[in-house]
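A.B. asks: The structure's right below; bear with me while I get my questions together.
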Amino acid sequence: MKKTILIIIAVAIVCMGISFLLFNHMQKKIAVVDVIKLVNEFQMKKDLETNGMQQLKQVGIATDSLKRLLQASSNDPLRSKEELQNLYGNYISAQRQYDNQAEQLSQEINEQVWNRLNPLIDEYGKQENLRLVIGANGMGTVLYNDNYYDHTQQLIKYVNAKYAKGL
Numbered sequence: 000m001k002k003t004i005l006i007i008i009a010v011a012i013v014c015m016g017i018s019f020l021l022f023n024h025m026q027k028k029i030a031v032v033d034v035i036k037l038v039n040e041f042q043m044k045k046d047l048e049t050n051g052m053q054q055l056k057q058v059g060i061a062t063d064s065l066k067r068l069l070q071a072s073s074n075d076p077l078r079s080k081e082e083l084q085n086l087y088g089n090y091i092s093a094q095r096q097y098d099n100q101a102e103q104l105s106q107e108i109n110e111q112v113w114n115r116l117n118p119l120i121d122e123y124g125k126q127e128n129l130r131l132v133i134g135a136n137g138m139g140t141v142l143y144n145d146n147y148y149d150h151t152q153q154l155i156k157y158v159n160a161k162y163a164k165g166l
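In numbering that gives the first Met the number 0, the protein residues as written are 0 to 166.
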């Protein structure tokens, strides 16, 4: 009788141990995040774009001024063909400078955003006990996701809260 009770207790302990391990294993889950939405709603990106657009605005104003001058001058019979070509060259140069600065600004912003987001995503994954965080936007390997695994809004709130605290 004692042997039977000991065996039952041993089996119960083993079953509880297995149940505990399976429960912990099943708690680790997969998350899918809409990457475009995450990046676009990250407050740091919005702040960097606002600041960057102020800098870019000055170059844009100069480019627009040259464009208006070129348009006005093209109808002016007193302007020589050489002057018009000179104005056109200046306008094209200013437009290229604007485009280059806009592209460089975009690259710098994306780099800064991802340098900040990557460790926060890692931290979020560990905090939420996730096994895998998959980025999705309908343009890559995850073409469909029902909302069961979607953590986009939670992650947006998390990274914006960390950013607001200066972390």
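Every residue gets a Cβ at the ideal spot worked out from N, C-alpha and C, and that includes glycine.
Val132 to Ala71, Cα distance in whole Å?
C.D. replies: The alpha-carbon atoms of Val132 and Ala71 are separated by roughly 56 Å.
A.B. asks: Can the beta-carbon of Ala93 be found closer than 8 Å to that of Thr62?
C.D. replies: It is a contact, given that the beta carbons lie within the stated cut-off.
A.B. asks: Looking only at DSSP bridge pairs, what is Leu129 linked to?
C.D. replies: Paired residue(s): Lys28.
A.B. asks: Below 7 Å CB to CB, which residues in the same chain sit around Leu104 once its five sequence neighbours on both sides are set aside?
C.D. replies: Cβ within range, chain order: Gly51 and Leu55.
A.B. asks: Would you mind working out which of Ile7, Glu82, Leu154 and Ser73 sits nearest Lys125, comparing C-alpha positions?
C.D. replies: It is Leu154 whose Cα lies nearest to the Cα of Lys125.
A.B. asks: Would you identify the three-state DSSP class for Gly134, choosing helix, strand or coil?
C.D. replies: Here Gly134 sits in strand by DSSP.
A.B. asks: For Lys66, report the span of its alpha helix (DSSP H) as first-last.
C.D. replies: Counting along the chain, the alpha helix (DSSP H) containing Lys66 begins and ends at Gln42 to Ser73.
A.B. asks: Which same chain residues end up closer than 7 Å to Lys66 when comparing Cβ atoms and leaving out the 5 residues on each side of it in sequence?
C.D. replies: So the list reads Tyr90, once near-sequence residues are dropped.
A.B. asks: Out of Ala163, Asn136, Thr3 and Lys164, which one is the CA nearest neighbour of Val34?
C.D. replies: Of Ala163, Asn136, Thr3 and Lys164, the residue nearest in Cα terms is Asn136.
A.B. asks: Taking C-beta to C-beta, are Thr151 and Val38 nearer than 8 Å?
C.D. replies: Result no, Cβ atoms of Thr151 and Val38 do not sit closer than 8 Å.
A.B. asks: Any idea if Ala30 is buried or exposed, counting beta-carbon neighbours within 10 angstroms, 16 or more meaning buried?
C.D. replies: The residue is buried, with at least 16 neighbouring Cβ atoms inside 10 Å.
A.B. asks: Here's a check: name, in chain order, each residue in its chain whose Cβ is nearer than 6 Å to the Cβ of Lys36, leaving out the five neighbours to either side.
C.D. replies: For Lys36, where only same-chain residues beyond five positions count, the Cβ hits under 6 Å are Thr151.
A.B. asks: Along the alpha helix (DSSP H) that carries Asn39, what are the first and last residues, could you check?
C.D. replies: Run containing Asn39: Val34 to Asn39, per the alpha helix (DSSP H) assignment.
A.B. asks: Give the DSSP bridge partners of Asp149, in chain order.
C.D. replies: Answer is Val31.
A.B. asks: At the level of alpha carbons, what is the spacing between Ala101 and Tyr87?
C.D. replies: One C-alpha to the other measures close to 21 Å.
A.B. asks: Please work out which residues of its chain come closer than 7 Å, Cβ to Cβ, to Met43, disregarding the five sequence neighbours upstream and downstream, and give them in chain order.
C.D. replies: Answer for Met43: Val112, Arg115 and Tyr162, listed in chain order.
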